[in-house]
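Protein chains in written order, with the working numbering: chain A, 1 to 521; chain B, 522 to 645.
Think of the CB as a built atom: it goes at the ideal place given N, C-alpha and C, for glycine as much as any other residue.
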Amino acid sequence: MIKLSRERTLRVLDVHGWSGVLLGLALYVVVFTGAIAVFADELGLWSVSGRDVQSPLTQSIDRHVRPLSGQVDERYLEDVNLFNNPAGELVVFFHTHETTPNGQIEDIGVRYRLDAKTGEVLARDEGYGKDLPDDPASALERFLVDLHVNLHAPDPWGLYLTGILGLVLLVSAISGIILHRHLIKDMFLSPRQSSRALKARDQHNLAATWSVPFSIILALTGAFFSFAISLGLPVIAMTAFGGDQEKMIETLIGVPEPGDETPHQLANLDTILAKSKSMTGTDPVFLSVIHWGRADAKALTFHWPHGGDINATQHQFDAASGEYLGSKPRIGTQPSTGNTLFNLISALHFGNFAGWFSKLIWLVLGLALCYVTLSGLQLWVIRREAEQQWQWMAKALSTVGYGLPFSLVTASIAFLFAQGLGWSSAWPAWGFLLGSAACVLVARRTSDLTSLNATFRQWLGWSLLSLPVLRTLSSGELWVFLLQAGNVWVILLDLTWIFLGLYYLRKEPRSVPSLTEAPAC
Amino acid sequence: MLSIGIAILAIAVSLIGIIQLCATDPKRLRAHRKASQNRTPHDARGIGRVTGRDRSGERRRLAIFLLIGPALLQLQALQFGAFLLWLGALPVLAWLIILYWEALEPWLNRRIPAIIRREGITSS
Chain A
1 MIKLSRERTL
11 RVLDVHGWSG
21 VLLGLALYVV
31 VFTGAIAVFA
41 DELGLWSVSG
51 RDVQSPLTQS
61 IDRHVRPLSG
71 QVDERYLEDV
81 NLFNNPAGEL
91 VVFFHTHETT
101 PNGQIEDIGV
111 RYRLDAKTGE
121 VLARDEGYGK
131 DLPDDPASAL
141 ERFLVDLHVN
151 LHAPDPWGLY
161 LTGILGLVLL
171 VSAISGIILH
181 RHLIKDMFLS
191 PRQSSRALKA
201 RDQHNLAATW
211 SVPFSIILAL
221 TGAFFSFAIS
231 LGLPVIAMTA
241 FGGDQEKMIE
251 TLIGVPEPGD
261 ETPHQLANLD
271 TILAKSKSMT
281 GTDPVFLSVI
291 HWGRADAKAL
301 TFHWPHGGDI
311 NATQHQFDAA
321 SGEYLGSKPR
331 IGTQPSTGNT
341 LFNLISALHF
351 GNFAGWFSKL
361 IWLVLGLALC
371 YVTLSGLQLW
381 VIRREAEQQW
391 QWMAKALSTV
401 GYGLPFSLVT
411 ASIAFLFAQG
421 LGWSSAWPAW
431 GFLLGSAACV
441 LVARRTSDLT
451 SLNATFRQWL
461 GWSLLSLPVL
471 RTLSSGELWV
481 FLLQAGNVWV
491 ILLDLTWIFL
501 GLYYLRKEPR
511 SVPSLTEAPA
521 C
Chain B
522 MLSIGIAILA
532 IAVSLIGIIQ
542 LCATDPKRLR
552 AHRKASQNRT
562 PHDARGIGRV
572 TGRDRSGERR
582 RLAIFLLIGP
592 ALLQLQALQF
602 GAFLLWLGAL
612 PVLAWLIILY
622 WEALEPWLNR
632 RIPAIIRREG
642 ITSS
């Protein structure tokens with residue numbers, strides 16, 4: 001129990017409330033999209049109605065990739081990345097690193113998209129990594145992740161903004177702890193039923209108290225990722241590497257020093273990947289080959305966490321001989337405290353260390369945090385219901401609260417249309433904007449909050465129900481075909497949309513709680 | 522899979538602790554209920570009435586042990602994956618249990634009377 005004078009309590013309450021009021025809705029957007037993005041891979045898989053090849057990197061890819069190395073500029077053999085997109089196509093990016101005219105280090109090279117089974121080249125693009133056209137199969141997944149990471153604002157401002165939102169979350173959590181005098185005791189008290197306003201306050205306090213550890217973890221790790229990329233790395237480059245960003249990146253990632261540049265035949269990639277799989281017991285999800293075609297070539301395989309370990313693992317091979325060189329930390333070349341901390345931060349933020357089980361928990365924790373944010377803002381409005389100038393906020397709360405999930409659904413609908421009709425991969429963004437605009441328009445035209453909420457629920461329900469139908473129509477993939485190909489996630493997500501759609505259509509909207517309501521006695 | 526199994530076991534034990542903590546009904550909870558449920562004076566006296574020897578303190582200590590013990594065991598056994606799962610799942614489940622305690626309590630009283638049956642849980 002923290003005892004504060006009345007003046008200090010009011011000051012902390014102001015900090016708690018105003019930090020939420022000023023940035024609460026943006027925080028809700030980041031947290032909600034982050035919660036959903038935990039399942040980004042599965043959503044990507046759903047958006048393309050599954051894939052024929054479940055683990056493209058474990059197919060015989062050497063015979064497809066090796067000939068391509070002869071078709072690109074020799075300097076692009078410095079670094080080659082191989083991974084798969086949600087559709088199970090193999091993406092091979094031959095590249096090097098160059099400084100752009102504005103002083104940024106960028107990847108530049110040739111990117112191929114291949115059919116993992118036949119090796120047929122589906123697309124070939126050349127240029128700076130950021131300028132290459134978006135992979136249409138990843139468009140929805142990419143849109144969602146970018147909305148979470150930088151709110152689609154240009155770099156580095158988007159990262160600054162999400163980093164600041166992480167700090168706002170931290171301030172709200174800590175000020176909430178200070179304000180809450182009987183924190184431990186109240187953790188075990190069910191909300192009071194005597195009036196709806198009191199019940200709303202107790203519900204907010206209860207959810208906030210139980211989600212405090214996760215709020216703090218999420219705030220710190222999220223702010224770390226935002227500021228480490230946008231601020232931390234440039235500062236390190238300036239202070240420790242004399243401004244040489246390339247040298248800094250190579251040191252942090254642990255790129256091996258150039259050794260023997262003699263041309264040398266590359267070992268069989270399939271053998272390297274099979275060795276990596278047999279050692280870890282899981283399929284590799286990423287392969288990087290450095291100095292392709294030279295005697296000092298190295299290959300690095302990446303595996304998601306497995307076997308109770310919370311860390312993703314990397315394994316290094318001599319790519320000239322195929323010999324296993326040992327596991328490699330994600331930061332640097334030797335095990336270090338920094339690497340351990342980075343792994344821990346990654347596990348805590350992404351929640352993917354135990355497969356779908358941990359992802360599900362992280363999703364629910366994220367949604368609980370959304371509830372805390374929205375219920376806190378609702379309390380602010382309830383306390384100021386007599387002040388006319390705050391009534392716009394009640395509407396904004398409903399519009400953003402329901403509008404964000406609805407706009408994400410319209411983004412998905414736009415993606416499915418674009419996929420079926422072969423449009424540009426920018427359509428998820430247009431779908432999102434159209435959904436948002438529709439929500440704002442209906443909010444402007446509706447004065448009654450309860451009927452506005454009812455409208456949003458209807459929209460959300462019907463749009464969710466339309467997703468499985470549109471997915472099936474756009475791809476022609478029925479559940480029976482999906483089951484045969486092992487695409488269970490697509491069916492599970494279809495069922496989830498149906499369940500949520502029915503929930504929103506059936507559930508009666510609650511009337512907005514009020515301070516002046518008579519106790520329910 | 523092992524870490525998931527350990528985590529599920531730890532979460533189950535900790536949830537028993539949480540239910541027990543809710544059920545031991547500390548003074549504040551009693552006062553809180555008295556105020557919130559708008560009982561008659563007769564009922565209100567009933568809430569505070571304790572039958573037999575008051576062992577709520579012992580039960581609360583046992584509940585706290587059940588709540589925290591699994592976490593300590595997981596850390597001791599270096600099961601960090603399972604510990605993180607426990608750390609993530611427990612707050613959500615605890616929140617939901619307490620949020621719906623009013624509905625859950627009578628059900629628990631019917632189903633598991635041996636675990637929670639004293640200290641006014643069924644007094645009304």
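{"query": "Distance, Cα to Cα, residue 473 of chain A vs residue 366 of chain A?", "result": "32 Å"}
{"query": "Contact check, residue 159 of chain A vs residue 229 of chain A under 8 Å by CB: the rounded distance?", "result": "6 Å"}
{"query": "Check the DSSP bridge columns for residue 313 of chain A and list the partner residues they point to.", "result": "A:303"}
{"query": "Looking at the secondary structure, which residues open and close the alpha helix (DSSP H) in which residue 398 of chain A lies?", "result": "391 to 421"}
{"query": "Where residue 521 of chain A and residue 195 of chain A are concerned, what is the direct C-alpha to C-alpha distance, given to the nearest angstrom?", "result": "The predicted model places residue 521 of chain A with a pLDDT of 30, which falls under 50 and marks its position as unreliable, so this point remains unresolved."}
{"query": "Using a Cβ-Cβ cut-off of 7 Å, state whether residue 535 of chain B counts as contacting chain A.", "result": "no"}
{"query": "Looking only at C-alpha atoms, which of B:596, B:544 and B:535 sits nearest to residue 580 of chain B?", "result": "B:544"}
{"query": "What does DSSP give as the partner residues of residue 294 of chain A in its beta bridges?", "result": "A:263"}
{"query": "For the putative contact between residue 148 of chain A and residue 34 of chain A, defined by C-beta atoms under 8 Å, what is the C-beta separation to the nearest angstrom?", "result": "5 Å"}
{"query": "So with CB distances below 7 Å, who are the chain A contacts of residue 579 of chain B?", "result": "What residue 579 of chain B touches in chain A: nothing, since even the nearest Cβ is about 17 Å away."}
{"query": "Check for me: the alpha helix (DSSP H) holding residue 141 of chain A runs from which residue to which?", "result": "139 to 150"}
{"query": "Of the residues B:540, B:525 and B:532, which one's Cα is nearest the Cα of residue 627 of chain B?", "result": "B:540"}
{"query": "Check whether the stretch 124 to 139 of chain A and the stretch 21 to 36 of chain A touch, using three or more Cβ-Cβ pairs below 8 Å as the test.", "result": "no"}
{"query": "Since residue 111 of chain A sits in a beta bridge, which residues does DSSP pair it with?", "result": "A:93 and A:125"}
{"query": "Does the CB of residue 342 of chain A have a neighbour CB from chain B at under 7 Å?", "result": "no"}
{"query": "Pull up the distance between the alpha-carbon of residue 321 of chain A and that of residue 298 of chain A, whole angstroms please.", "result": "9 Å"}
{"query": "With DSSP run on the structure shown, which of helix, strand or coil describes residue 333 of chain A?", "result": "coil"}
{"query": "Alpha carbon to alpha carbon, what distance is there between residue 333 of chain A and residue 301 of chain A?", "result": "14 Å"}
{"query": "Counting only the same chain and skipping the five closest in sequence on each side, list residues whose C-beta sits under 7 Å from that of residue 26 of chain A.", "result": "165"}
{"query": "Go through its chain and collect everything with a Cβ distance to residue 306 of chain A's Cβ below 6 Å, but skip five positions before and after it.", "result": "282"}
{"query": "Taking the beta carbon of residue 570 of chain B as the centre, do at least 16 other beta carbons fall within 10 Å, making it buried, or is it exposed?", "result": "The predicted position of residue 570 of chain B is uncertain, since its pLDDT is 42 and thus under 50; no value can be drawn from it."}
{"query": "Can you tell me which of the three DSSP states residue 39 of chain A falls into?", "result": "coil"}
{"query": "Is the distance from the Cβ of residue 399 of chain A to the Cβ of residue 28 of chain A below 7 Å?", "result": "no"}
{"query": "Quick check on DSSP: helix, strand or coil for residue 326 of chain A?", "result": "strand"}
{"query": "Taking Cβ-Cβ distances below 7 Å as the criterion, which residues of the stretch 35 to 51 of chain A are in contact with chain B?", "result": "none"}
{"query": "Contact criterion: CB-CB distance below 7 Å. Does residue 210 of chain A meet it with respect to chain B?", "result": "yes"}
{"query": "Got a sec? Which residues, its chain only, sit under 8 Å from residue 60 of chain A by beta carbon, not counting five neighbours each side?", "result": "270"}
{"query": "When DSSP labels each residue in this structure, what does residue 270 of chain A get in the three-state scheme?", "result": "helix"}
{"query": "If I measure Cβ to Cβ from residue 152 of chain A and keep anything under 6 Å in the same chain, skipping five residues before and after, which residues do I get?", "result": "146"}
{"query": "For the stretch 92 to 100 of chain A against the stretch 66 to 73 of chain A, do three or more pairs of beta-carbon atoms, one drawn from each stretch, fall closer than 8 Å, so that the two count as touching?", "result": "yes"}
{"query": "Using a Cβ-Cβ cutoff of less than 6 Å, which residues in the same chain neighbour residue 136 of chain A once the five nearest sequence positions on both sides are dropped?", "result": "425"}
{"query": "List the endpoints of the continuous beta strand (DSSP E) containing residue 79 of chain A.", "result": "79 to 84"}
{"query": "For residue 268 of chain A, tell me which candidate among A:278, A:260, A:252 and A:293 has the shortest Cα-Cα distance.", "result": "A:293"}
{"query": "Would you say residue 219 of chain A faces chain B, with C-beta separation under 7 Å as the test?", "result": "no"}
{"query": "Going by C-alpha distance, which of B:618, B:594, B:617 and B:615 is nearest residue 531 of chain B?", "result": "B:594"}
{"query": "Could you check where the alpha helix (DSSP H) with residue 222 of chain A kicks off and where it finishes?", "result": "212 to 227"}
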